[in-house]
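Numbering (my numbering), first residue to last: 264 to 690.
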Ligand SMILES: *Cc1c(COP(=O)(O)O)cnc(C)c1O
């Protein structure tokens, strides 16, 4: 049976994996060697230098490529369309290096702060990229932002921290109806000469809940620091594509620019992915339970969670994160696949002082930035993760002093609810 037919529960264990050929080691060893012996000048085993080729990194890259639905054969590309980087932002940087100076980029308005910063504060200056930030929950806004010179559309869904959902299939249809698929200049380093590349930051959903490539996207990007790693002990980034031409350009730039993931980190992320399907199932179930509980709580003003019918894009989330015949109500798993994720935001009834008291009283939820780990985290976007967003823009997006963000971990959901209740008692 081809690997692409396996259920995600099986893929996370086996995709692109095989025993190490010399010793039979079942788990890929951490290959720390920076260089590899050659028999005769230029005659090597496919491994020359570890920035370019590393067996541990390849094992992770193949895994993520297949999890995201790549069908590229290993004979065409040793990592099958998956590429690992030192961080999520390094992965984004590699995509932006595929553009030429002065190209136009259309970006979702509510994206990870660091992604916004890289575009606005770095690439606008160093590459002269021309950026438009638009709310793509309104497709007409995207349509009017596209021009014949748009070379990249960058989206994120669910977004951070407002958990907006954008319709991936509808966006792919619109963008690829208006712009031809990206065509590259001459190999090996030619940038996007014509057409448009469509990229989805899939960090918040994980490939268990959402597969952008299957919905018409060209590239899926991850901060592996979050759900893929899953244990808050590694920083990394990944790209995956099912298109061999795009794969070759990413591979070239990954090596030529050089922000690759190290072998130790690749090992940690691969180890994390083995339990990704199990972890996401629990994240999905517990977050849905906690979101429903919060929605009835007298000290909560409103809850934003894609799995609640009150979410403005609930129907889209159901379609693209849960799938046909999906029963989000059963805890967000459909035949073990899909759900609405582990992130919840809500508005507390109260002011900044009330938010502070609440955040100081919870114990199981650790007050910290980041997300996607086995442990539950809680944070205050206006003061913490989104402090760099100007106050006026925060107001516009709804990032108020009483907005709280939860990353629901895999602890017992009732223990987590009791912890939140203890927090509310002090508000
Ligand atoms: C964390 C994050 C990033 C950046 O990833 P790093 O690994 O921190 O560089 C990008 N996008 C999203 C959605 C994130 O949550």
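Glycine is no exception: its CB is placed at the ideal position from the N, C-alpha and C atoms.
Check: Backbone secondary structure at residue 456 - three-state DSSP; Outcome: strand
Check: Residues of its chain near residue 676, where Cβ-Cβ distance is below 8 Å and the 5 sequence neighbours each way are ignored; Outcome: 548, 549, 552, 553
Check: Distance cut-off 7 Å: residue 498 Cβ against heavy atoms of ligand 1; Outcome: yes
Check: Local conformation of residue 645 per DSSP, three classes; Outcome: coil
Check: Residue 423 CB to nearest heavy atom of ligand 1 below 7 Å; Outcome: yes
Check: Between the CA atoms of residue 620 and residue 660 - distance to the nearest angstrom; Outcome: 24 Å
Check: C-beta atoms of residue 542 and residue 637 nearer than 8 Å; Outcome: yes
Check: Three or more C-beta pairs below 8 Å linking the region 428-445 and the region 460-474; Outcome: yes
Check: Three-state class that DSSP yields for residue 670 in the structure shown; Outcome: strand
Check: N- and C-terminal bounds of the alpha helix (DSSP H) containing residue 520; Outcome: 507-520
Check: Residue closest to residue 673, alpha-carbon to alpha-carbon, out of 440, 490, 630; Outcome: 490
Check: Residues sharing a beta bridge with residue 607, DSSP; Outcome: 669
Check: Residues sharing a beta bridge with residue 444, DSSP; Outcome: 459
Check: Among 377, 517, 414, 608, nearest to residue 320 - alpha-carbon criterion; Outcome: 517
Check: One or two residues paired with residue 306 in a DSSP bridge; Outcome: 303
Check: Any 3 or more C-beta pairs closer than 8 Å across the region 606-624 and the region 414-426; Outcome: yes
Check: Identity of the residue in 278, 531, 277, 294 nearest residue 285 by Cα; Outcome: 294
Check: Among 475, 488, 522, 409, nearest to residue 536 - alpha-carbon criterion; Outcome: 488
Check: Check: residue 464 C-beta below 7 Å from any heavy atom of ligand 1; Outcome: yes
Check: Exposure label - residue 473; buried when at least 16 CB within 10 Å; Outcome: buried
Check: Minimum length 3: unbroken beta strand (DSSP E) runs contained in the region 532-568; Outcome: 563-567
Check: Beta carbon of residue 370 nearer than 8 Å to that of residue 413; Outcome: no
Check: Contacting residues, own chain, Cβ-Cβ under 7 Å from residue 682 (five flanking each side not counted); Outcome: 625, 626, 627, 628
Check: Assigned secondary structure, residue 596 (DSSP; H/G/I helix, E/B strand, else coil); Outcome: At residue 596 the pLDDT is 41, less than 50, meaning the model places this residue with poor confidence and gives no usable figure here.
Check: Alpha helix (DSSP H) segment containing residue 275, residue limits; Outcome: 271-277
Check: Stretch pair the region 518-536 + the region 561-580: three plus CB contacts closer than 8 Å; Outcome: no
Check: Coarse secondary structure for residue 490, derived from DSSP in three states; Outcome: coil
Check: Option nearest residue 555 by Cα separation, candidates 545, 567, 544; Outcome: 567
Check: Cβ shell of residue 348 (< 6 Å), same chain only, five flanking positions each side left out; Outcome: 354, 500, 522, 524
Check: Reduced DSSP category for residue 413 - H, G, I as helix; E, B as strand; rest coil; Outcome: strand
Check: Start and end residues, alpha helix (DSSP H) containing residue 222; Outcome: The requested residue 222 does not occur in the structure, where the chain is confined to residues 264 to 690.
Check: Nearest-angstrom Cβ-Cβ length linking residue 276 and residue 505, presumed shorter than 8 Å; Outcome: Actually they are not in contact, since the Cβ atoms of residue 276 and residue 505 sit about 21 Å apart, beyond 8 Å.
Check: DSSP three-state assignment for residue 689, whether helix, strand or coil; Outcome: coil
Check: Which residues DSSP lists as bridging residue 629, in chain order; Outcome: 640
Check: Buried or exposed (CB count within 10 angstroms, at least 16 for buried), residue 340; Outcome: buried
Check: Candidates 494, 686, 577, of which the one nearest residue 531 by Cα; Outcome: 494
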